[in-house]
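Chemist: The numbering of the sequence shown is full-length UniProt numbering, which starts it at 1 and goes up by one.
Cβ coordinates follow ideal geometry from the N, Cα and C atoms, glycine included.
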Amino acid sequence: MPENHELNPIIKSPCIRQCCLNSEDVCVGCYRTINDILMWQAATNEQKTEMLANALHRKNRAFDGS
Numbered sequence: 001m002p003e004n005h006e007l008n009p010i011i012k013s014p015c016i017r018q019c020c021l022n023s024e025d026v027c028v029g030c031y032r033t034i035n036d037i038l039m040w041q042a043a044t045n046e047q048k049t050e051m052l053a054n055a056l057h058r059k060n061r062a063f064d065g066s
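The following block contains the structure:
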């Protein structure tokens, strides 16, 4: 069944075209894991929302030095 984009808006990729993986396989541009990047197109909006939240958490940790 196709998604109704009025009810389920498209969540755009956070990719900023600065792709480089660190030693933990996390992109230093968007802070998604390699698995998140590979799964993005097939992921549901719920999964994408979770990926974005996790990426934001990783980004905040990186800037806090934690």
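Short check: CB of ASN8 to CB of ASN45, under 8 Å?
Modeler: Along the sequence shown, one-based indexing puts residue 8 at 8. Along the sequence shown, one-based indexing puts residue 45 at 45. Yes, the Cβ-Cβ distance between ASN8 and ASN45 is below 8 Å.
Chemist: Could you say which of VAL28, GLU24 and ALA43 lies nearest to ARG17 if we only look at CA atoms?
Modeler: As a position in the sequence shown, residue 17 is number 17, starting the count at 1. With distances taken between Cα atoms, ARG17 lies closest to VAL28.
Chemist: Once DSSP output is grouped into helix, strand and coil, what is the label at THR49?
Modeler: Stepping through the sequence shown from its first residue, residue 49 is reached at position 49. The answer is helix: DSSP assigns THR49 an H, G or I state.
Chemist: Which partner residues does LEU56 have in the DSSP bridge list?
Modeler: Your numbering for residue 56 matches position 56 in the sequence shown. LEU56 pairs with nothing; no bridge assigned.
Chemist: Below 8 Å on the Cβ atoms is my contact criterion, and I expect ALA55 with TYR31 to pass it. Report the Cβ-Cβ distance as a whole number of Å.
Modeler: If you number the sequence shown from 1, residue 55 lands on position 55. If you number the sequence shown from 1, residue 31 lands on position 31. About 4 Å; that satisfies the 8 Å criterion.
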